[in-house]
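One structure is given below, encoded as structure tokens.
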Amino acid sequence: MPDITEYSQENLASRRRGLKQRRHQLFWQGLWRHTAMLGLTVGCLSLATSSRWQLRSVEQINLSGNRLLSDGAIHQLMDISYPLSLLRVHPLKLENTLMTEGPIADAIVRRRLLPPGLNIRIQERTPVAIALPNTDAAVTSLNDRLQNFTQMGLLDANGYWMPYNSFTQLGTDKPKLWIQGMRPAYQKDWPDIYQILQKKPVQVSQLDWRDPTNLILHTELGTVHMGPYGQNFSKQLQALDQMRNLNAKMNIEEIAFIDLRNPDNPTLEILEATKTAAP
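The sequence shown begins at 1041 in the numbering used here and counts up one residue at a time.
Following this line, the structure appears as structure tokens:
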């Protein structure tokens, strides 16, 4: 009959040897894994900080999407000090800088490894109107900087104000619409105003908003007094459109202005200072 005690001791000794071998195996596997990771990290850092993985000039930056802004203007907005390791380039931070400091609505920045550099795609803010300041009173800008709205500038469809020299390649794309007296308080209304103007057939060349109680339009039919801007603006322009044949009924040069404060009863102010109902 076998000795159970002797068998159990041999079994335990064998299990101890197996566990010891397993521990050694796990130790060397872990050591190799950590060594490999360390080597890979050091290698990546060496590559990233080497001259091969650095931005050395603007020629390594590929720009796209800019039509009005020059490449030089965008490089100036980024304000990158060369040389700069690609590892130190933070795409999100660079995107925010471009959208905050320049007339840029959206920006996408991607690092490029081969060849090392940056790919940047931007969406410009399209100017739709030239904004003339209200010289009667100093106003602050949309971002509370005094110089805005106190000098000639540009507006996009959302009312975002930009310095007039923001775009160096405007050329024939310079806005045909002018607005005088633009101020921060009007920003919320400008998108609706511009959208309505785009839909109406009567051509408007200038808005004079220096007086908040009387928005004045300069149109192909002459000067139009609208009163304070409000919900009747679209209806007022509809009434103006119904007067398109006015020049066939009378000499427009004799009209001082068209009064559309009440769009249901438009009137004409004649230069002789006599008022008459619109024909």
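Backbone N, C-alpha and C define an ideal beta-carbon position, used for all residues, glycine too. What you are looking at is a predicted structure, and each value in this text was computed from that prediction instead of being measured.
Could you give the residue range of the beta strand (DSSP E) that holds A1171?
1167-1172
Through-space distance from K1214 to A1178, alpha-carbon basis:
Confidence is the limiting factor: at A1178 the pLDDT is only 44, short of 50, which leaves the residue's position unreliable, though a coordinate-based value still follows. So the alpha carbons of these two residues sit roughly 26 Å apart.
Can you give me the C-alpha to C-alpha distance between V1094 and K1060, rounded to a whole angstrom?
For clarity, residue 1094 is Gln in the given sequence; the question names Val instead. If you take the alpha carbons of Q1094 and K1060, they lie about 49 Å apart.
Roughly how many angstroms separate the alpha carbons of H1064 and H1074, rounded to a whole number?
15 Å
Which of the three DSSP states is assigned to L1117 in this structure?
Correct three-state label for L1117: helix.
Residue environment, L1186, which counts as buried when at least 16 other CB atoms sit within 10 Å:
For L1186, the predicted structure reports a pLDDT of 43, less than 50, and the residue's modelled location is therefore unreliable. A value from the coordinates is still provided. Exposed: under 16 other Cβ atoms inside 10 Å.
Which of helix, strand or coil DSSP assigns to T1075:
helix
Below 6 Å CB to CB, which residues in the same chain sit around Q1246 once its five sequence neighbours on both sides are set aside?
W1218, H1258
Three-state class that DSSP yields for F1273 in the structure shown
helix
F1207, DSSP secondary structure in three states:
coil
Between the Cα of V1242 and the Cα atoms of Q1227, N1106, Q1278, which residue gives the shortest distance?
Taking only the C-alpha atoms, the option nearest V1242 is Q1278.
Rounded to whole angstroms, how far is the Cβ of R1150 from the Cβ of N1159, which I believe are closer than 8 Å?
5 Å
Looking only at C-alpha atoms, which of P1224, Q1276, M1192, N1205 sits nearest to N1198?
Looking at the Cα atoms, P1224 is the closest of the given residues.
Return the chain-ordered list of same chain residues with a C-beta closer than 7 Å to the C-beta of R1152, the five sequence neighbours on each side being excluded.
Sequence-distant partners of R1152 (beyond 5 residues in either direction) whose C-beta falls short of 7 Å from its own C-beta, in its chain, are L1158, N1159.
DSSP-derived helix/strand/coil call for D1248:
strand
Of all the options L1237, F1189, G1267, which has the alpha carbon lying nearest to the alpha carbon of Q1227?
F1189
I need the DSSP call for A1197, collapsed to helix, strand or coil.
Correct three-state label for A1197: coil.
Please name the residue, chosen from G1079, L1154, L1109, I1120, that lies closest to N1098 on a Cα-to-Cα basis.
It is Val, not Asn, that sits at residue 1098 in the sequence shown. Nearest of G1079, L1154, L1109, I1120 to V1098, Cα basis: I1120.
Do G1143 and S1104 have their CB atoms nearer than 8 Å?
Correcting the residue identity first, residue 1143 is Pro in this sequence and not Gly. Contact flag unset, no.
Whole-angstrom distance between R1107 and I1236, CA atom to CA atom
26 Å
Thinking just about the alpha-carbon of each residue, which of D1281, W1249, R1250 is nearest to the one in L1261?
Of D1281, W1249, R1250, the residue nearest in Cα terms is D1281.
Excluding the 5 residues preceding and the 5 following M1290 in the sequence, name in chain order all residues of the same chain whose CB lies nearer than 6 Å to its CB.
When the five nearest sequence neighbours on each side are left out, no beta carbon in the same chain lies closer than 6 Å to the beta carbon of M1290.
Find the nearest neighbour of L1127 within the set E1309, P1156, G1112, judged by alpha-carbon distance.
P1156
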